[in-house]
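Just so you know, the sequences run in chain order A and B. Start counting the first sequence at 7; every next residue gets the next number (this note's numbering). Start counting the second sequence at 321; every next residue gets the next number (this note's numbering). Ideal Cβ placement from N, Cα and C applies to all residues, glycine included. For clarity, every value in this text was computed on a predicted model and none was experimentally measured. Let me begin by presenting the structure, written as structure tokens, before commenting on it.
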Amino acid sequence: DQQVKQNSPSLSVQEGRISILNCDYTNSMFDYFLWYKKYPAEGPTFLISISSIKDKNEDGRFTVFLNKSAKHLSLHIVPSQPGDSAVYFCAASVYSGGGADGLTFGKGTHLIIQP
Amino acid sequence: KAGVTQTPRYLIKTRGQQVTLSCSPISGHRSVSWYQQTPGQGLQFLFEYFSETQRNKGNFPGRFSGRQFSNSRSEMNVSTLELGDSALYLCASSFSGRYGNEQFFGPGTRLTVL
Chain A
7 DQQVKQNSPS LSVQEGRISI LNCDYTNSMF DYFLWYKKYP AEGPTFLISI
57 SSIKDKNEDG RFTVFLNKSA KHLSLHIVPS QPGDSAVYFC AASVYSGGGA
107 DGLTFGKGTH LIIQP
Chain B
321 KAGVTQTPRY LIKTRGQQVT LSCSPISGHR SVSWYQQTPG QGLQFLFEYF
371 SETQRNKGNF PGRFSGRQFS NSRSEMNVST LELGDSALYL CASSFSGRYG
421 NEQFFGPGTR LTVL
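As structure tokens, then:
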């Protein structure tokens, strides 16, 4: 049972336009969400996070939106740049009190920025 | 500040053998987590160590084990290797592993089981 789903395996966007990556989750206990970016032959790199008490978090060109009622989050990249081409993973966690549970990852979306 | 390092980067083993992977966290980080990445299952959480104690565990068989040393370095062991264990094994460190502490990933160890 996949608790974090990224339904688009790939996404192609023109340079300079907005990239929107989507993520759905089923576990209502998740209360912290993260986006990671991964290049081939490297480990994932943290991008941005949001806790369930917020519905939006911005960091430069990256904005994450959280819709708790729909159990949906999205990552917006504006404007998209060639270096943004990578695989993006959505991840979620539950605060267990004694330490963070392991992150539950989606299967990733391969973002391709076209010149 | 040096990042998370993992050794070896690549490993080839045969079925039935055992393997040990090593992870050195970022200096000052006390939490180390391990993940398995495969094309079919994506990134899956194996376990987390903090102060030499396993604090959380994912849904993997007992063939997968780990430990953490007093300097926070961690090792992961897989015994009786199966073909399905072929994967990228990623280690991640964070300051405390607690809520809101982002995890920083190493480059991974690519394990191939023949």
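Touch check for the segment 399-411 of chain B and the segment 354-361 of chain B: three-plus C-beta pairs under 8 Å?
Yes, the segment 399-411 of chain B touches the segment 354-361 of chain B.
Name the residue from A:Gly22, A:Asn33, A:Lys74 whose alpha carbon lies nearest to the alpha carbon of Asp90 of chain A.
Measuring from the Cα of Asp90 of chain A, the nearest candidate turns out to be A:Gly22.
Name the residues in the segment 41-75 of chain A whose C-beta lies less than 8 Å from a C-beta of chain B; which are they?
For the segment 41-75 of chain A, the set of positions with a beta-carbon nearer than 8 Å to some beta-carbon of chain B reads Tyr42, Ala47, Glu48, Gly49, Pro50, Thr51, Phe52, Ser55, Ser57 in chain order.
From B:Ser399, B:Gly382, B:Ser414, residue whose alpha carbon lies closest to that of Cys343 of chain B
Closest by alpha carbon: B:Ser414.
For a test of the three-state rule: what should DSSP assign to Leu403 of chain B, helix, strand or coil?
Under the three-state reduction of DSSP output, Leu403 of chain B falls in the helix class.
Do Leu79 of chain A and Phe365 of chain B have their C-beta atoms within less than 8 Å of each other?
No, Cβ-Cβ distance for Leu79 of chain A and Phe365 of chain B is not below 8 Å.
Contact criterion: CB-CB distance below 8 Å. Does Thr123 of chain A meet it with respect to chain B?
Residue 123 of chain A lies beyond the stretch modelled for chain A, which goes from 7 to 121, so this question has no answer here.
So does the segment 16-31 of chain A actually touch the segment 114-121 of chain A, counting three or more Cβ pairs closer than 8 Å?
Contact between the segment 16-31 of chain A and the segment 114-121 of chain A is established, with three or more Cβ pairs separated by less than 8 Å.
What is the DSSP secondary structure of Gly108 of chain A, reduced to helix, strand or coil?
If DSSP states are grouped into helix, strand and coil, Gly108 of chain A belongs with coil.
Among residues of its own chain, excluding the 5 on either side of Thr325 of chain B, which ones have a beta-carbon nearer than 7 Å to its beta-carbon?
Contacts found: Ser344, Gly426.
Ranges of the beta strand (DSSP E) found wholly within the segment 15-73 of chain A, counting only runs of at least 3:
As for any beta strand (DSSP E) of minimum length 3 sitting wholly inside the segment 15-73 of chain A, the runs are 16-20, 25-31, 38-44, 51-57, 62-65, 68-73, ordered along the chain.
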